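Novice:
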Amino acid sequence: MRALVLGADGPVLARAPVPRPGPAEVRLRVQACALNRADLYMAEGRRHGDAGGPGAILGLEWAGVVDAVGAEVPGHVRVGQRVMGSGRGAFADYAVADWGRVLPMPDGLEPAQAATLPIALQTMHDALVTHGGLRAGASLLIHGASSAVGLMALRIARCLKAGWVGGSSTNAEKRQRLAGLGMDLVVDPSVSGWSGQVLDATAGRGADLVVDMLSGPSINETLAATAIEGHIVNVGRLAGRAGSFDFDLHALRRVRYSGVTFRTRTREEVRRITASMLRDLSGPLKDGKLSLPVDREFTLEQGAQALAYMCANGHFGKIILRVA
Ligand SMILES: NC(=O)c1ccc[n+]([C@@H]2O[C@H](COP(=O)([O-])OP(=O)(O)OC[C@H]3O[C@@H](n4cnc5c(N)ncnc54)[C@H](OP(=O)(O)O)[C@@H]3O)[C@@H](O)[C@H]2O)c1
Numbered sequence: 001m002r003a004l005v006l007g008a009d010g011p012v013l014a015r016a017p018v019p020r021p022g023p024a025e026v027r028l029r030v031q032a033c034a035l036n037r038a039d040l041y042m043a044e045g046r047r048h049g050d051a052g053g054p055g056a057i058l059g060l061e062w063a064g065v066v067d068a069v070g071a072e073v074p075g076h077v078r079v080g081q082r083v084m085g086s087g088r089g090a091f092a093d094y095a096v097a098d099w100g101r102v103l104p105m106p107d108g109l110e111p112a113q114a115a116t117l118p119i120a121l122q123t124m125h126d127a128l129v130t131h132g133g134l135r136a137g138a139s140l141l142i143h144g145a146s147s148a149v150g151l152m153a154l155r156i157a158r159c160l161k162a163g164w165v166g167g168s169s170t171n172a173e174k175r176q177r178l179a180g181l182g183m184d185l186v187v188d189p190s191v192s193g194w195s196g197q198v199l200d201a202t203a204g205r206g207a208d209l210v211v212d213m214l215s216g217p218s219i220n221e222t223l224a225a226t227a228i229e230g231h232i233v234n235v236g237r238l239a240g241r242a243g244s245f246d247f248d249l250h251a252l253r254r255v256r257y258s259g260v261t262f263r264t265r266t267r268e269e270v271r272r273i274t275a276s277m278l279r280d281l282s283g284p285l286k287d288g289k290l291s292l293p294v295d296r297e298f299t300l301e302q303g304a305q306a307l308a309y310m311c312a313n314g315h316f317g318k319i320i321l322r323v324a
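Just so we're aligned, residue 1 is where the sequence shown starts under full-length UniProt numbering, counting upward by one.
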């Protein structure tokens, strides 16, 4: 089969054996896959949990048709079924994944649209609901709102009837687009003092919940923009993996600060995340309320170009690789 693998000089299209599903795994014929930020790190040679490294097939998210199932896969996942999901080795003609990462593809959805959803849905349901405890009427700040997971946070927040929803983007055009999607305030996190705008917009209170895709040097303004006894969920480190942290401000605002990642989660934990996301969101998912914009499509052969395009940060929404 064709596969986009990490070669000595970066990602390259190569031939690879069709993978065999293990007892708890599903194999699918991939129709489309979507890029995620972690693909960029893996394309640089970094590992993502136990995935990646020299010779690894890149890619983490796909949509396609089930082609084979292992002996322990529950009966609700069947050969011939249209599915979407996450798992390593996505950028190829065939991929395998634990059955607990596989979701039914909603009727009427094209594979290129379906491939945009699994990681954003799982990540943001886990961050907003399981960790963040988002309640109807609560205020939410999405820090890094134009990212794919940020856009999904807005969609989920609206489905769950959150109150005020603000966001951040360093790009003026994207700030306009986010406002057009119904965000109540969009700040520029590269201009210091943005936390004041959040406080002004929330009657001095700050956001009850922040999902933070940026971290890095913006963390102290993020603390300032969070309500007393609010909660920050650290989802990404786009602006920096380390920085100075104002411990006194943290204590003063009595903020709960949680970190989340899939890299250290067990198979059982991921199965639970998928099941609880489906329990809460399968209705709006079927109704098309949780879609993400597709920014641009490439072919599998153009995988390296697609990764370079993501690296340039001009996109708004998901970047797709068409496979079949
Ligand atoms: N914890 C988890 O389980 C989990 C799962 C999935 C993703 N993530 C993380 O979530 C983040 C977003 O992932 P994604 O795949 O949704 O990304 P994405 O769609 O590629 O997000 C791209 C956007 O991020 C912003 N950005 C990039 N570099 C930045 C910088 N230095 N400073 C400020 N903003 C910057 C830019 O927005 P503007 O141009 O609008 O500023 C850019 O357009 C990543 O950090 C990723 O690792 C975490």
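Every residue, glycine too, gets a C-beta built ideally from N, C-alpha and C. A quick note: this is a predicted structure, and the numbers were derived from the prediction, not measured.
In this structure, does DSSP put residue 77 in helix, strand or coil?
Specialist: In this structure, residue 77 counts as coil in the three-state DSSP scheme.
Novice: Using a Cβ-Cβ cutoff of less than 6 Å, which residues in the same chain neighbour residue 296 once the five nearest sequence positions on both sides are dropped?
Specialist: Closer than 6 Å at the Cβ level, and outside the excluded window around residue 296, lie 319.
Novice: Is residue 329 near ligand 1, with its Cβ less than 7 Å from a heavy atom?
Specialist: Here the chain has residues from 1 to 324 only, and residue 329 is not among them.
Novice: Out of curiosity, what's the CA-to-CA distance linking residue 250 and residue 223?
Specialist: Cα-Cα distance, rounded: 6 Å.
Novice: From residue 152 to residue 102, what distance separates their C-alpha atoms?
Specialist: Roughly 19 Å between the two C-alpha positions.
Novice: Should the stretch 33–48 be regarded as contacting the stretch 306–324, the criterion being three or more beta carbon pairs within less than 8 Å?
Specialist: Touching, yes, given that three or more Cβ pairs across the two stretches are closer than 8 Å.
Novice: Give the list of continuous beta strand (DSSP E) stretches no shorter than 3 residues that lie fully inside the stretch 74–142.
Specialist: For the stretch 74–142, whole beta strand (DSSP E) runs of length 3 or above, ordered along the chain, are 82–86, 94–98 and 102–104.
Novice: What residue from 230, 77, 171 and 236 has the CA that sits closest to residue 216's CA?
Specialist: Cα-wise, what sits closest to residue 216 is 236.
Novice: Which one or two residues does DSSP pair with residue 215 in a beta bridge?
Specialist: DSSP lists 240 as partners of residue 215.
Novice: If I measure Cβ to Cβ from residue 85 and keep anything under 6 Å in the same chain, skipping five residues before and after, which residues do I get?
Specialist: Answer for residue 85: 97, 101, 102, 103 and 118, listed in chain order.
Novice: Taking all protein chains shown into account, do 16 or more other C-beta atoms lie within 10 angstroms of the C-beta of residue 262, making it buried, or fewer, making it exposed?
Specialist: Burial call: buried.
Novice: Counting only the same chain and skipping the five closest in sequence on each side, list residues whose C-beta sits under 8 Å from that of residue 138.
Specialist: Around residue 138: 162, 163, 208 and 209.
Novice: Check whether the Cβ atoms of residue 95 and residue 16 lie closer than 8 Å to each other.
Specialist: No, Cβ-Cβ distance for residue 95 and residue 16 is not below 8 Å.
Novice: Report the start-end ranges of each beta strand (DSSP E) in the stretch 155–237 that is 3 residues or longer and not cut off at the edges.
Specialist: Segments of the beta strand (DSSP E) lying fully in the stretch 155–237: 165–168, 185–187, 207–212 and 226–234.
Novice: Let's test the definition: count the other Cβ atoms within 10 Å of the Cβ of residue 57 and tell me whether it reaches 16, buried, or not, exposed.
Specialist: Buried.
Novice: Please name the residue in 277, 21, 202 and 226 whose C-alpha comes closest to that of residue 87.
Specialist: Closest by alpha carbon: 21.
Novice: In the structure shown, what three-state DSSP assignment does residue 246 receive?
Specialist: In this structure, residue 246 counts as coil in the three-state DSSP scheme.
Novice: Between residue 14 and residue 52, what straight-line distance do the alpha-carbon atoms span, to the nearest angstrom?
Specialist: When rounded, the distance between both Cα atoms is 16 Å.
Novice: Are residue 83 and residue 28 closer than 8 Å when you measure CB to CB?
Specialist: Yes, the pair counts as a contact, with Cβ atoms nearer than the cut-off.
Novice: Which one or two residues does DSSP pair with residue 14 in a beta bridge?
Specialist: Answer by DSSP bridge pairing, in chain order: 3.
Novice: Name the two residues that bound the continuous beta strand (DSSP E) containing residue 283.
Specialist: Taken as a continuous stretch (DSSP letters only), residue 283 belongs to no beta strand (DSSP E), being part of the alpha helix (DSSP H) at 267–286.
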